[in-house]
Amino acid sequence: MSLVNDALQRAKQHTAQPAPSPNLQLRPVEPAARPAPHPIWKYPMVLSIIAIVALALVVTGWFQRGKDSGPRANPAAIVVPMAEAKPSNIAAATPPATPKISEPPAAAESKIEVVNTTPAPPVAMIQPPTPRPVPPKLQAIFFNKTQPTAMISGKTVQVGTRLGEFQIAAISPNSATLVNGTTTNILSFQE
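Note that the sequence shown covers residues 2 to 192 in the working numbering.
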C-alpha cells in the first residue's frame, strides 16, 4: 500500500505546482476571411435575361413563320430582262405554214345494253334486344333520423332522390323503399 500512497502523493505535488509558463508574446487575433457576398439580385437578373432572350427567339420565329406563310416566288418564274437590243434591219420572215388539221376518224358506234332491274327490297335493320336494366342493389345504409342516406348500386341517395326509373320513398335502418309509378320495390340486406 505504501507504494500506492507514495504514487498518489507525487501526483498531487506534481499537479499542485504549476509549470512555469514561457514568456510568449501573443499576436492579436486576425479576423477570419469572409466569403464574397452573393448579391440577392444576381439570380433573378440572370433568370430574367434568359427569359427575355427566349421570348425574343419565340417572337422572331413567329414573325419569320408569318412571312414564310405567304406565296413563295418560284425561282424559275423570275425572268431577268435582257438588255434591249438595238433594232437592226431584218427582213420580214415569211409566216410559217400552218399545219392542216385533219378530221378524226368517225367514232365507232358502241352499243350499251340497258337492262331494267328491280331494286332489292330494303334490308330491315334488326335492333339487338335492349338489355334488362340491372335491378338496384342495397349496399349500405347511413341511418340518421333527420336525414337518412343509403348507397344503392354504387350511388349515394336520400329520400326523394331519383334512381333510374325509381324514386326513393323511405329509408329505414334495415331497408330502403323504392317507388315507381306502378311498382314498389323494398330493398333489404341479404342474410
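Beta carbons are placed, not taken as given, at the ideal position from N, Cα and C, and that holds for glycine.
Note that the structure is a prediction, hence the values are computed from the model and not measured.
Cβ-based burial, residue i [other Cβ within 10 Å; buried from 16]
i, result
"L27", "exposed"
"I50", "exposed"
"A12", "exposed"
"I169", "buried"
Identity of the residue in the options nearest residue i by Cα
i, options, result
"T166", "G182, E114, T178", "Looking at the sequence provided, one finds Glu at residue 166 rather than Thr. The shortest C-alpha separation from E166 is found at G182."
"T178", "L139, L48, G155", "L139"
"P174", "N6, Q168, I187", "I187"
"V135", "G155, Y44, V54", "G155"
"F190", "V30, A37, T157, A151", "A151"
Contact belief for residue i with residue j at Cβ below 8 Å, rounded distance in angstroms
i, j, result
"L219", "I172", "The structure shown does not extend to residue 219, since the chain is modelled only from 2 to 192, so the question has no answer here."
Neighbourhood of residue i by C-beta distance below 8 Å, restricted to the same chain and skipping five residues each side
i, result
"P137", "I153, S154, L164, G165, F167, L179, N186, L188"
Residues near residue i by beta carbon distance below 7 Å, same chain, minus five either side
i, result
"T157", "T150"
Using 8 Å as the threshold, is the stretch 140-147 in touch with the stretch 118-130, meaning 3 or more CB pairs across them? Using a Cβ-Cβ distance cut-off of 8 Å, the stretch 140-147 and the stretch 118-130 are not in contact, since fewer than three pairs of beta carbons, one from each stretch, lie closer than that value.
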